[in-house]
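Visitor: Sharing a structure here in structure tokens format.
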Amino acid sequence: METTVVGKGLPKFDAYTKAKGNIAYADDFSLPGMLYAKVLRSKYPAAKIISINTARAELLPGVHTVMTSKDVPHNNLRAKFGQSTDIGPNFEGLYRVLAEEKVRFLGEAIALVAADSEKIAEEALTLIDVIYEQLPGVFDPIEALKPDAYLVGDNDTNLVSQFKIRQGDVATAFESADVIVENTYRVPFKDHAFLEPEAGVAWVDENGIITIRVCTQVIEHFRTVAEVLGIPHNHVRVIGTWVGGGFGGKEDISVESFLALLAWKTKQPVKLTYTREESFLAHSKRHPFVMKYKTGATKDGMLVALEAELIADAGAYTYLSPWVLLYATVNAAGPYNIPHVKVDTVAVLTNNPFSSAYRGFGAVQPNFAYESQMDELARILDLDPLTIRLKNCLRQGDTLTTGADFGGSVAVQEVAEKAWQALGPKRADPGKHIKLGRGLAVGMMSYGRLTFLHDTSRSYIKLELDGSVLMRSGIPDLGAGQAQALVQIAAEELGVPLEKIKIFTSDTSLTPLAGTSTATRQLYMSGNATLKAAREVKERLIDKASVMLNADKTDLKFVNEKILRISEPDKYLALSAVIGQCSTDGDELYSEAQFNAPFTEVPVSDVITGQTFADFTFGAYAVEVAVDEETGAVNVERAVTCYDVGKAINPLNVEGQLEGGGVDSIGYALTENFEVEQGYLKSHSLAEYLLPTALDVPDIETILVESGAGIGPYGAKGIGEPACNAMAPAIINAIRDAVGVRITSLPATSEKVLFAMLSQN
Amino acid sequence: MKTNTKILTSEFEYLECPTLAEALNCLSKYNGKAKILAGGTDLLIKMKSGLLQCQYLIFVKKIEALNYLISDKKTLRIGPMINLRSIEKNEQVKAYYSALFEAVRSMAATSVKNMATIGGNLCNGSPAADTAPPLLVYGATLKLSSMRGDRIVPVEEFFLGPSQTVLESDELLTEICLPDLGDQVGSSFLKLGRVSADIAKINVAVCLNRNGKTVGNCRIAFGSVAPTPIRIPEAEEILKGQEMSDELIVKAAKAAAGLIKPITDKRSTNSYRQQVSKVILEEGIRSAWQRAGGEL
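Top to bottom, those sequences are chains H and V.
Everything in the first sequence is counted per this note's numbering, starting at 1 for the first residue and increasing by one.
Everything in the second sequence is counted per this note's numbering, starting at 1 for the first residue and increasing by one.
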């Protein structure tokens, strides 16, 4: 299909405003008479709360209120993650607003203060007397699974959830394998480290509605906030701001309940902004996994069996662990055809920071493991990295390990070939102790939510009398161009220039709910809803124009704010003239359309079968690294990525997503280590938790494959999260190529690489 | 664990001193109760984390008389209030004081370097201070001033331990002086960090003079391997007066690695530091030798 706006690499409409610093982010907003909130957090990872005495804090001049769990009307709820479907207790966990009886992790919120200034609020925290009795806690998920383990929560087990994949008979298959590779892989916690820490302002409006202006990926948390307070859902309004990065870290509730409670109690506006260090303590992390992999192949390189055992550290509360684990389970075998597969996964509570959503959502961890396995197999069998992948990769018509069919396009071969070949001929090592190496990895990940969540999205479009367009969507824009994509779709369909379209986003009371900006679902879901709304309006315009132009409906086209006859392009009407006629005739040109994802039933068994996701995105990374043999330092010299994105609605933005996912994964592979020792953070600021800087990152070359076979608008697939796959294992495989050592735990710090080399010699 | 609250919770009086006389007067008057604020890139973080309190904060960065970099043919005098970025951009430093240039180039992001001063980097007393090893190998001296008068202290004697220096509570660092380095001189600075622009896991500076094929004067200093930045005289002695060769470099570097006793901390491990100390020293010596016009 020929397009004029969709498919163009256009700057996001918010880009200049952001560059000039004119966006009012969550913290850049104040109201008269506003109070400042602070949160008292647990000093211990595991302790019984004997008593909390807030009397001294309450007496401090300037303090308006101090709240603890006993002041929260409904302190314990079943966590909803923006979904409106009832999915049962297996996929939901406890959402506790403030700690009661015992604390489960360092930094768990215990009390809230609202005061005239941040300084007074900070001082008040020091005047709250909490008497703890320290408890032993458990900090290793394997220990936590033992029968006599310390119990993190209130249940009689630390097990959060477990899943299985059973395909064929692995035991017999391994007997027939010529080569078997067995390794245990470990990945650490990872922090989202978004530029903008959690922040918000809440107030009670003139109608008694609790209004929360906050940076979040999920404005639908308004319902949970209402339930915390025990008030009707329509008495809480969440206004989502432009978000300075989410990456899954703003998917769970952050400041919303705290702000609502304080505003509701004091009847004054309240602001709460986390410092970076508090943000590290307060929000989720990417799940650490221990992954035992056993992969068997014939001597000509055909995979015969894969057995994987994955243990995820869920941390102190359940949050999204069951979902993340299900993603890990379904993705555990990777985009390969393997006749016999056995996967067992568990997620376990510990007294570590809680784990939840992180861009890649359980697909990224096994990707590191299975792509390391493929690389080792290739080395043993003396195959190059591309050949072994092409021999085994999924192709059109193949099925997933759950037995589900892949719809759309399965372009593993194409993306692997293109990325690998783009590296070109090998270069000589630049210096005697600098060794170059190359690595390849492919990856897969779904886009759109788990199909049993019965996902839906809505979008609103209205044509004004002058031909300008107004859009409304609940979509939270995280900086990834979510809003821009919707505008480009409307512009494409209606033949209206981008600058004549204004979109209003992210307000639970005023914009149609578009669902969460998570799960790489917004372009797919809200893009489709927008397309549907635009086409409904368009149809009505065509009806009217065909009468006005005396033309056949199929002979009409929308171009440059005109509706013209394809057969006689000089016969046309201004769009505004048609709108005006519709209005005169009583036909208001607006539409609110809903898009429903395909849905399935909630799994009832641990053994996962059939469809759990609507579609997948496949991609590859090929990298060249330079390893310093004397210091163990690894530098990524080149990185090429190739993804089948279906259709790039905005190629510039897609490249940005791919580069961002790549940089994030360079950190995962080499520098970012969120160290936790016995529940205590060793990396509590950005001085200890090291993100790659601009100087540590190469230019990332992006190659877009557009199969047109996605289930998003115009055949688009989702790219946000899948972009985090493949880079980390490609780097680790390249290190193996350069200096012969296999790093099985991330990150591959200079220390780790150097001592691996020394112990090998 | 201390959290940076971004709030200066403790009460203090802020005193802005535009002249040296006023600053010294204030330091004398509030002896022991005051802290000196220059660029603030270390001090304010400590204050916001509650690690450091004071009754008086004396702001000295606006003292123009302490913001200079003067090089005649032989010596270099640096006003301690000059920011790191200005040192990095100085052509004289770039051309003749390679170790110092490489040190400031490796430090922090540009925005931080526009704030941070060389005086602050030294007086903060960090064992990892990147400007310390270059000044140690240049044999720099520091002028410490107070109402009681001035005294000159070699950089070598300045550091006492982490966050500890010989600076008395009424004293202010007022000048850094680099002596005549002699002819045929070359210097270098190397550092390993976790990412670019990081605090050093380990750093090293070398300065040497060349007499034909032999090493003349020579100084070697490491940071982040001991409670203070330190010189390694034993390794210097191995080089001095000897004909330069790869074997000699390896011998000196190996000796140095055997002498340092680094610790394990959040940035690296003792064994890694020990292991790479000889690697970066070897490279440091090579590079200084080549800059002195030597061949290898």
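Note that the Cβ used here is the ideal one computed from N, Cα and C, for glycine as well.
Predicted, not measured: the structure shown is a model, and the values here were computed from it.
1) Determine whether the Cβ of ILE263 (chain V) lies closer than 9 Å to any Cβ atom of chain H.
2) For the pair the segment 284-304 of chain H and the segment 253-265 of chain H, tell me if three or more CB-CB distances fall below 8 Å.
3) So, does the segment 332-348 of chain H touch the segment 160-169 of chain H, judging by three or more C-beta pairs under 8 Å?
4) Of all the options H:VAL63, H:GLN134, H:ALA79, which has the alpha carbon lying nearest to the alpha carbon of PRO45 (chain H)?
5) What does LYS682 (chain H) reach in chain V if we use C-beta pairs closer than 8 Å?
6) Note down, in chain order, each residue of its chain lying with its Cβ closer than 7 Å to the Cβ of ILE230 (chain V), except the 5 sequence neighbours on either side.
7) What residues in its chain sit with their C-beta under 7 Å from that of PHE674 (chain H), if we drop five residues either side in the sequence?
8) Short of 9 Å Cβ to Cβ, which residues in the segment 679-709 of chain H face chain A?
9) List the DSSP bridge partners of GLY240 (chain H).
10) Check whether the Cβ atoms of ALA441 (chain H) and MET471 (chain H) lie closer than 9 Å to each other.
11) Which of the three DSSP states is assigned to GLN611 (chain H) in this structure?
12) Kindly indicate which three-state DSSP category THR505 (chain H) falls into: helix, strand or coil?
13) Once the 5 residues before and after GLY293 (chain V) are set aside, which same chain residues still bring their CB inside 7 Å of it?
14) Any C-beta of chain V sitting closer than 9 Å to the C-beta of SER777 (chain H)?
15) Would you call the CB atoms of PRO339 (chain H) and VAL304 (chain H) closer than 9 Å?
16) Let's test the definition: count the other Cβ atoms within 10 Å of the Cβ of ASP110 (chain V) and tell me whether it reaches 16, buried, or not, exposed.
17) Please list the partners that LYS119 (chain H) has in chain V, where partner means a Cβ-to-Cβ separation under 7 Å.
18) Indicate the three-state DSSP secondary structure (helix, strand or coil) for LYS29 (chain V) in the structure shown.
19) Run through chain H and tell me which residues come within less than 7 Å of SER196 (chain V), C-beta to C-beta.
20) Who are the Cβ neighbours of GLN290 (chain V) in its own chain at under 8 Å, not counting the five residues just before and after it?
21) From the DSSP output, in three-state form, read off ALA26 (chain H) for me.
22) Mind checking which residues open and close the beta strand (DSSP E) that includes ALA833 (chain H)?
23) Given ALA748 (chain H), which residues of its chain have a CB within under 8 Å of its CB, disregarding the five upstream and five downstream residues?
24) Cβ closer than 7 Å: which chain V residues qualify as neighbours of THR631 (chain H)?
25) Per DSSP, which residues does GLN167 (chain H) bridge with? Please list them.
26) Please confirm if GLU123 (chain H) has its CB atom under 9 Å from at least one CB of chain V.
27) If we require 4 or more residues per run, which alpha helix (DSSP H) segments fall completely within the segment 393-426 of chain H?
28) Quick check: what's the CA-CA separation for GLN484 (chain H) versus GLY284 (chain V)?
29) Excluding sequence positions up to five away, which residues of its chain have a Cβ less than 6 Å from the Cβ of ILE209 (chain H)?
30) For LYS266 (chain V), which option in H:GLU672, H:TYR590, H:LYS532, H:VAL228 has the closest C-alpha, if you only look at C-alpha atoms?
31) Using only CA atoms, which one of H:TYR370, H:GLU175, H:LEU510 lies nearest to TYR460 (chain H)?
32) Which bits of chain V does LEU754 (chain H) rub up against, with CB to CB less than 9 Å?
33) For LEU35 (chain H), which option in H:ALA57, H:SER117, H:ASP86 has the closest C-alpha, if you only look at C-alpha atoms?
34) According to a CB-to-CB cut-off of less than 8 Å, which residues of the segment 115-128 of chain V neighbour chain H?
35) Quick check on ILE202 (chain V): buried or exposed, where buried means 16 or more other Cβ atoms within 10 Å of its Cβ?
36) Name the two residues that bound the continuous beta strand (DSSP E) containing VAL634 (chain H).
Guide: From the atom records:
1) no
2) no
3) yes
4) H:GLN134
5) LYS266
6) ALA221, PHE222
7) PRO188, PHE189, LYS190, ASP191, LYS285, SER683, TYR689
8) Judged by its chain identifiers, the structure shown contains no chain A, and its protein chains are H and V.
9) H:VAL214
10) no
11) coil
12) strand
13) GLN184, ARG210
14) There is no way to answer for residue 777 (chain H), as the model of chain H reaches only from 1 to 761.
15) yes
16) Note that residue 110 (chain V) corresponds to Thr in the displayed sequence, not to Asp. Burial call: exposed.
17) ILE7, THR9
18) helix
19) THR693, LEU695, ASP696
20) GLY186, LEU296
21) coil
22) There is simply no residue 833 (chain H) to check, as chain H begins at 1 and stops at 761 in what is shown.
23) VAL634, ALA669, LEU670, ILE731, ILE732, ILE735
24) LEU192, VAL276, VAL279
25) H:VAL341
26) yes
27) 412-422
28) 52 Å
29) HIS235, ARG237
30) H:GLU672
31) H:LEU510
32) TYR272, GLN275, VAL276
33) H:SER117
34) none
35) buried
36) 634-644
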